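Student:
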Amino acid sequence: MKNAESSAINVASETTNSGPIGKKKSTTPLLAAEVPIRPDRGTHRMKRGLAIFDIVLRIGALSSALAAAATMGTSGQTLPFFTQFFQFEASYDDLPTFQFFVIVMGIVAGYVVLSIPFSIVCIIRPHAAGPRLLLLILDSVALALSTAAAGAAAAVVALAHSGNSSTNWLAVCNQFGDFCQQASGAVVGSFAAVLLFLLLILFSALSLKNAH
Numbered sequence: 001m002k003n004a005e006s007s008a009i010n011v012a013s014e015t016t017n018s019g020p021i022g023k024k025k026s027t028t029p030l031l032a033a034e035v036p037i038r039p040d041r042g043t044h045r046m047k048r049g050l051a052i053f054d055i056v057l058r059i060g061a062l063s064s065a066l067a068a069a070a071t072m073g074t075s076g077q078t079l080p081f082f083t084q085f086f087q088f089e090a091s092y093d094d095l096p097t098f099q100f101f102v103i104v105m106g107i108v109a110g111y112v113v114l115s116i117p118f119s120i121v122c123i124i125r126p127h128a129a130g131p132r133l134l135l136l137i138l139d140s141v142a143l144a145l146s147t148a149a150a151g152a153a154a155a156v157v158a159l160a161h162s163g164n165s166s167t168n169w170l171a172v173c174n175q176f177g178d179f180c181q182q183a184s185g186a187v188v189g190s191f192a193a194v195l196l197f198l199l200l201i202l203f204s205a206l207s208l209k210n211a212h
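For the sequence shown, position 103 matches number 103 in the UniProt record's numbering, and the numbering has no gaps at all.
#1: Determine the DSSP secondary structure at glutamine 77, reduced to helix, strand or coil.
#2: Can you tell which of Ser91, Arg48 and Arg58 has the C-alpha that lies nearest to the C-alpha of valine 157?
#3: Taking all protein chains shown into account, decide if proline 96 is buried (16 or more other Cβ within 10 angstroms of its Cβ) or exposed.
#4: Enumerated in chain order, which unbroken segments of the beta strand (DSSP E) with a length of 3 residues or greater are wholly contained in the UniProt domain "Casparian strip membrane protein" (48-196)?
#5: If you draw a straight line from the alpha carbon of leucine 66 to that of phenylalanine 191, how long is it in whole angstroms?
#6: To which residues of the same chain is isoleucine 52 closer than 7 Å at the C-beta, ignoring the five residues directly before and after it?
#7: On the premise that valine 112 lies in contact with alanine 61, defined as a C-beta separation below 8 Å, what is that separation, rounded to the nearest angstrom?
#8: With a CB to CB cut of under 7 Å and the five nearest residues on each side skipped, what residues in its chain are close to isoleucine 201?
#9: Using alpha carbons as the reference points, say which of Ala128, Gln77 and Ala149 lies closest to valine 104.
#10: From Thr167, Leu145, Gln181 and Thr147, pick the residue whose C-alpha is nearest to that of histidine 161; which is it?
#11: What does the Cβ neighbour count give for proline 131, buried or exposed, with the cut at 16 atoms within 10 Å?
#12: Do you know how far the Cα of glycine 110 is from the Cα of glycine 189?
#13: Thinking C-beta only, is valine 194 closer than 8 Å to threonine 147?
#14: Leucine 145 and isoleucine 107 - do their beta-carbons sit closer together than 8 Å?
#15: Short check: CB of glycine 163 to CB of tryptophan 169, under 8 Å?
Structure, rendered in structure tokens:
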């Protein structure tokens with residue numbers, strides 16, 4: 001009798017765990033397979049292309065800033081007629097605005113040189129947001145400095161070309177034509193650097209968009 005009871009109990013325990021066709025049901029839930037998320041190839045190529053174009057723009061900004069600083073820093077003219085006691089001479093260091101211009105353009109050019117390694121890192125790792133964000137912030141500072149220097153120098157150059165009859169300021173470019181030509185060229189170069197920094201900021205913002 002004991003053997004019959006034990007066998008009956010075993011059969012009952014097996015039938016409670018069996019399915020409708022006699023197979024044992026699994027109580028373990030199915031886990032979804034984890035698929036690694038890979039960046040889109042199109043996005044990857046776009047970010048790398050922007051990074052390559054970024055370094056090209058930086059080289060252009062460096063050339064513009066250096067040319068502007070060098071042109072303004074070497075600007076000067078001495079008129080052929082002079083007396084025994086004084087001579088007529090114009091130089092960039094006669095005006096604090098032009099001195100500020102040379103200093104700022106030199107600082108901006110130095111910053112661009114230091115930023116090129118970070119731009120190379122962005123080429124190697126296009127989806128790295130840290131270096132790109134740092135460049136975006138520093139480029140904005142460089143843009144502000146360049147715009148301030150270019151605007152101030154442009155105002156002085158315009159005054160030198162046209163003068164101001166209300167304040168009896170003469171148009172000195174009528175006498176110092178070479179000096180004004182050099183100063184005007186330096187201002188044009190500085191505005192070219194401003195435009196390139198605007199493009200750098202724009203491309204940095206596009207690269208940071210949907211960054212992984």
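The beta-carbon is built from N, C-alpha and C at its ideal position, and this holds for glycine as well.
This one's a predicted model, so the numbers in the text were calculated from it and none came from an experiment.
Tutor: Let me lay it out:
#1: strand
#2: Ser91
#3: exposed
#4: 76-82 and 87-91
#5: 12 Å
#6: Ile123
#7: 5 Å
#8: Leu136, Asp139, Ser140 and Leu143
#9: Ala149
#10: Gln181
#11: buried
#12: 16 Å
#13: yes
#14: yes
#15: yes
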